[in-house]
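Take the sequence shown: its letters are residues 1 to 245, numbered as in this note's numbering. Beta carbons are placed, not taken as given, at the ideal position from N, Cα and C, and that holds for glycine. Heads up, the thing below is written out as structure tokens.
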Amino acid sequence: MSSTGATVYENFHKWISELHRAIIKLSEVAPLIYCMSDIHGEYDRFQKMLELIKFSDSDTLYIIGDVIDRKPGGIDILKQIMASNNMVLLLGNHEQMCLDTLGPNNVYGSRALWLQNGGSDTYRELMYMMTPTERHRIIMFLASLPDHLDIEVGGKKFHLVHDSPSDDPNIRIWDRPSPSAPPPFPDRTVIVGHTPTCYMNKDERNPFAIWHGNGIIDIDCGCGNETLLRHLGCLRLDDMEEFYT
Ligand SMILES: [Mn+2]
């Protein structure tokens with residue numbers, strides 16, 4: 001090979017190496033879309049999950065309700081979500097019970113219902129362990145949450161809602177979907193939480209796993225319950241990879 005030929009070859013080789021490095025770098029920072037639900041105060045599992053998925057500033061996390069109650073870390077998780085600009089929280093029935101009790105439209109009897117459903121730690125922290133200004137900031141944040149969202153990831157459409165797709169806001173956060181129901185939408189996959197997946201797959205012997213139904217996916221793997229079979233589940237919507245902590 002002539003010396004000019006060798007230089008051309010070396011330059012080409014160098015260019016290919018640089019391109020290869022650039023592709024690797026791009027794949028490391030490519031933004032990814034994740035969803036979780038029903039963390040129910042399990043702060044440690046939530047932090048472990050963020051580490052496991054290597055959640056970065058360019059990724060987006062949708063949390064489909066029920067961050068608070070049952071276990072004591074709910075307010076810390078809420079504060080983390082509020083401080084982040086790439087975590088999107090949807091309203092769950094537990095956030096609604098908190099709002100009904102402490103929000104601007106106080107609902108008669110809501111405090112008893114909330115406390116019966118694991119709200120004691122959240123209630124105590126909001127009422128007695130923070131300033132009225134901080135409490136107001138949290139309540140106003142909860143009051144601003146959407147109760148459903150339609151998103152598109154890589155050409156696939158998803159409808160995110162805490163419990164059931166419906167025109168009725170109460171059904172959206174309170175009802176339980178039937179595992180044998182027909183697909184709710186012809187063109188979108190529904191992703192819900194609220195109902196631990198053991199009730200959908202009738203499997204109470206194995207660790208709870210994300211349930212894939214007919215046009216609907218349930219990602220509530222039982223956080224906040226007492227069973228040792230519970231997990232925090234996380235679904236990456238780009239490739240439907242599942243993660244558990
Ligand atoms: Mn719920």
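Between the options, which lies nearest to residue i when the distance is taken from Cα to Cα?
i: V88; options: D100, D147 and Y43; result: D147
i: A83; options: I138, H231, E95 and T101; result: I138
i: I33; options: F158, P186 and I217; result: F158
i: L145; options: Y9, H162, D167 and G155; result: H162
i: P72; options: Y199, R135, T195 and R124; result: R124
i: Y199; options: P182, I219, G41 and G109; result: I219
i: D150; options: R188, G109, T122 and E10; result: R188
i: P179; options: F46, H231, K156 and D203; result: D203
i: I64; options: Y244, L78, M36 and I77; result: M36
Work out the CA separation of residue j and residue i for me, nearest whole Å.
i: E226; j: W15; result: 57 Å
i: L229; j: F12; result: 55 Å
i: Q80; j: M129; result: 17 Å
i: T131; j: K48; result: 29 Å
i: R176; j: N86; result: 28 Å
i: P165; j: V192; result: 9 Å
i: C98; j: H136; result: 12 Å
i: G119; j: H94; result: 8 Å
i: L90; j: S17; result: 44 Å
i: F274; j: E42; result: With the chain running from 1 to 245 in the structure shown, residue 274 is simply not present.
i: V67; j: Y9; result: 57 Å
i: T195; j: D69; result: 15 Å
Looking at the structure shown, is residue i part of a helix, part of a strand, or coil, going by DSSP?
i: D220; result: coil
i: R45; result: helix
i: R172; result: helix
i: K202; result: coil
i: H148; result: strand
i: E226; result: coil
i: V153; result: strand
i: Y62; result: strand
i: G74; result: helix
i: F141; result: helix
Use the C-beta contact count for residue i: other C-beta atoms within 10 angstroms, 16 or more gives buried, fewer gives exposed.
i: G154; result: exposed
i: L50; result: buried
i: Q116; result: exposed
i: H231; result: buried
Compare the C-beta of residue i with all C-beta atoms of chain C and state if any pair is closer than 7 Å.
i: G41; result: Although the question refers to chain C, the structure presented lacks it and comprises just one protein chain.
How about the stretch 211–221 and the stretch 51–59: do they share at least three Cβ pairs that are nearer than 8 Å?
Taking 8 Å as the limit for Cβ pairs, the verdict is that the stretch 51–59 does not touch the stretch 211–221.
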